[in-house]
Every structure is written in C-alpha cells, then in structure tokens.
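A.B. asks: Below is a structure I'd like to ask you about.
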Amino acid sequence: MSEAQVIMIDGKDLPLHCPTNKTPAWNSHPRVFLDITETGEAKCPYCGAHYKLIPGTEPHGH
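Take a look at the structure:
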C-alpha cells in the first residue's frame with residue numbers, strides 16, 4: 001500500500017477540513033476538521049490524506 005500524497009496548506013486555507021473544497025464529490029467522506037496549527041501537520045482519520053502547513057505560513061481566520 002502506498003503512502004498518501006502530502007498536501008501543502010497555506011494559512012488562507014484554514015480552518016482545515018477534509019475533504020477539502022477541491023475534492024470531487026464522488027471521492028468524498030464525512031467532513032472532519034483537522035488541527036494543523038499545533039504541530040504543522042495532520043492526517044485525516046477517514047482517508048489518510050496527509051496535510052502539512054507551508055513553513056513560515058501565518059494562520060488566517062483561525
């Protein structure tokens with residue numbers, strides 16, 4: 001089994017939820033909000049998508 005692709009997140013994309021608005025509807029699961037601000041990364045418990053905050057990014061609207 002291959003590891004999920006790392007998805008880089010900018011501060012303007014916060015609060016982070018998976019699936020994102022760019023995810024096709026056919027590939028969707030229940031929306032879950034992920035806290036990425038503490039550690040700089042998060043993994044979706046449903047699909048395993050791995051998100052990382054772009055280094056030096058300032059969280060906006062969070």
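Take the sequence shown: its letter number 62 is residue 62 in UniProt numbering, and every next letter is one higher.
Beta carbons are placed, not taken as given, at the ideal position from N, Cα and C, and that holds for glycine.
Please read these numbers as outputs of a predicted model, since none were measured by experiment.
Residues in its own chain within less than 7 angstroms of H62 by CB, not counting five upstream and five downstream?
C.D. replies: Bear in mind that the predicted position of H62 carries a pLDDT of just 48, short of 50, making it too unreliable to give a figure here.
A.B. asks: In terms of alpha-carbon separation, which member of G48, E58, V6, T39 lies closest to V32?
C.D. replies: Nearest C-alpha to V32: G48.
A.B. asks: Can you find the residues in the same chain that come closer than 6 angstroms, C-beta to C-beta, to S2, ignoring five residues on each side of it along the sequence?
C.D. replies: Residue confidence for S2 is low, a pLDDT of 42 falling below 50, so the modelled location carries little weight; the figure read from the coordinates is stated next. Contacts found: none.
A.B. asks: How is K52 classed by DSSP in three states: helix, strand or coil?
C.D. replies: Residue state, collapsed to three classes: strand.
A.B. asks: Grouping DSSP H, G and I as helix and E and B as strand, with all else coil, what is K12?
C.D. replies: In the structure shown, K12 sits in a helix (DSSP, three-state: H, G or I).
A.B. asks: First and last residue of the beta strand (DSSP E) that includes K43?
C.D. replies: K43 -> beta strand (DSSP E) spans 41-43.
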